[in-house]
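**Student:** I'd like to ask you about the structure that follows.
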Amino acid sequence: MTYANILFSSESGIARLTLNRPDRLNAFNDAMHADIRDALGRVKADTSLRALLLTGAGRGFCAGQDLADRAVRPGSESVDIGASIERNYKPLVLALRSLPIPVVCAVNGVAAGAGANVALACDIVIAAKSASFIQAFCKIGLIPDAGGTHFLPRLVGSARAMGLAMLGDKLSAEQAAAWGLIWKCVDDGEFPAAIEALLQHFASAPTRSLGAIKRALQASAGNTLEAQLDVERDLQCEMGYSADFKEGVAAFGEKRPPRFTGK
Ligand code: T3D
7 MTYANILFSS ESGIARLTLN RPDRLNAFND AMHADIRDAL GRVKADTSLR
57 ALLLTGAGRG FCAGQDLADR AVRPGSESVD IGASIERNYK PLVLALRSLP
107 IPVVCAVNGV AAGAGANVAL ACDIVIAAKS ASFIQAFCKI GLIPDAGGTH
157 FLPRLVGSAR AMGLAMLGDK LSAEQAAAWG LIWKCVDDGE FPAAIEALLQ
207 HFASAPTRSL GAIKRALQAS AGNTLEAQLD VERDLQCEMG YSADFKEGVA
257 AFGEKRPPRF TGK
């Protein structure tokens, strides 16, 4: 499938989506959002997929909303940017969060504004050492969107979330990993191999259990302990009927590596 603003492919259980407007540091515009929506629809519909990679082309990951599309100046007409969030960013974040397969975000360079928060919406975020994260919104009089006010305090605590959001300073990938904002920071030279190894791992993992883990951890953010114990019971019940659970237990007993099918 060919798109104007992203690269998209899917093969051997792995879908790969690359934001592809490198001269604009892969900033989002309406056309790119439409491409992403279409590609994510294909990912959702393809039950053979076992992982999705999201990354950026060129030296940046994503610089957030394309500000060239926001022709506002002092004294000019205002733009309803809430409509843009409703149309583009909210569906994007919800689509990534609800995919039943692991979503790996390979942050290859700067991730700013909504670019940073779309990365944080993914399940496993690995950044190259030269990458960085910038809650750039306050520099232009906005608030973190694309889930930033949800993800930041949960990932790094309210003191760091507040500092990041109110100052808009650049956070290095190393510091982001040290703070627990992301899973890992990897030397630039080792970055492609590390991402590939992770994708190959997920391509032969028990996909249904990973999807259930994702659902359970997301649910925990708003649940009491008792409600969360119920979520765990129900999801574990589902897993108990899965082919991969039977294979996992059999492989353990036979002292061999499991051959998970994702079913
Ligand atoms: O409006 C709505 O829909 C609401 C939703 C809002 C969501 C948001 O994301 S708001 C936040 C928008 N993003 C930003 O404010 C970040 C703006 N960009 C930057 O601050 C810097 O570019 C970076 C810190 C990300 C990177 O800096 P640097 O020095 O590495 O690169 P650069 O030279 O600034 O950028 C390279 C080119 O990309 C440059 O174009 P040029 O001069 O070579 O022709 C620059 O203008 C362009 N670019 C970078 N970011 C954006 C952009 N063009 C359009 N929109 C951008 N966001």
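The number in the working numbering is simply the position in the sequence shown, starting from 1, with 6 added.
Where a beta carbon is used, it is the ideal one built from N, C-alpha and C, also for glycine.
Note that this is a predicted model, so its numbers are computed, not measured.
Can you list, in chain order, the residues of its chain whose CB lies under 6 Å from that of D75, leaving out five sequence neighbours each side?
**Tutor:** So the list reads N35, once near-sequence residues are dropped.
**Student:** For the ligand T3D, list every residue whose C-beta falls under 5 Å from any of its heavy atoms, going in chain order.
**Tutor:** That query returns the following residues: R30, L31, A33, A69, G70, Q71, D72, L73, A74, I87, S90, V116, A118, G119, A120, A142.
**Student:** Which complete beta strand (DSSP E) runs does the region 104-165 hold, if anything under 3 residues is left out?
**Tutor:** DSSP runs (the beta strand (DSSP E)) wholly in the region 104-165: 109-113, 116-118, 130-134, 138-140.
**Student:** Indicate whether A112 and I132 have their beta-carbon atoms separated by less than 7 Å.
**Tutor:** Their beta carbons are under 7 Å apart, which means A112 touches I132 by this criterion.
**Student:** Where are the alpha helix (DSSP H) runs, 4 residues long or more, that stay fully inside the region 204-266, in chain order?
**Tutor:** List check, alpha helix (DSSP H) in window: 213-226, 231-246, 249-259.
**Student:** Please indicate yes or no: does the CB of E232 lie closer than 6 Å to some heavy atom of the ligand NAP?
**Tutor:** Judged by which ligands are present, the ligand NAP is missing from the structure shown, whose ligands are the ligand T3D.
**Student:** Buried or exposed for T61, going by 16 or more other Cβ atoms inside 10 Å?
**Tutor:** The residue is buried, with at least 16 neighbouring Cβ atoms inside 10 Å.
**Student:** Excluding sequence positions up to five away, which residues of its chain have a Cβ less than 6 Å from the Cβ of P28?
**Tutor:** Counting only Cβ-Cβ distances below 6 Å, and skipping sequence neighbours, we find A63, G64.
**Student:** Measuring alpha carbon to alpha carbon, tell me which of F266, Y247, I130, E244 ends up nearest G254.
**Tutor:** The option with the nearest alpha carbon to G254 is F266.
**Student:** With distance defined between alpha-carbon atoms, name the residue in L170, A125, E17 nearest to D52.
**Tutor:** Comparing Cα-Cα distances from D52 to each of L170, A125, E17, the minimum goes to E17.
**Student:** Just to confirm, are G119 and G66 a CB contact at a threshold of 7 Å?
**Tutor:** In this structure, G66 does not lie closer than 7 Å to G119 by Cβ.
**Student:** Would you kindly report the start and end of the unbroken beta strand (DSSP E) that includes R76?
**Tutor:** Note, R76: premise wrong, no beta strand (DSSP E); not H, not E.
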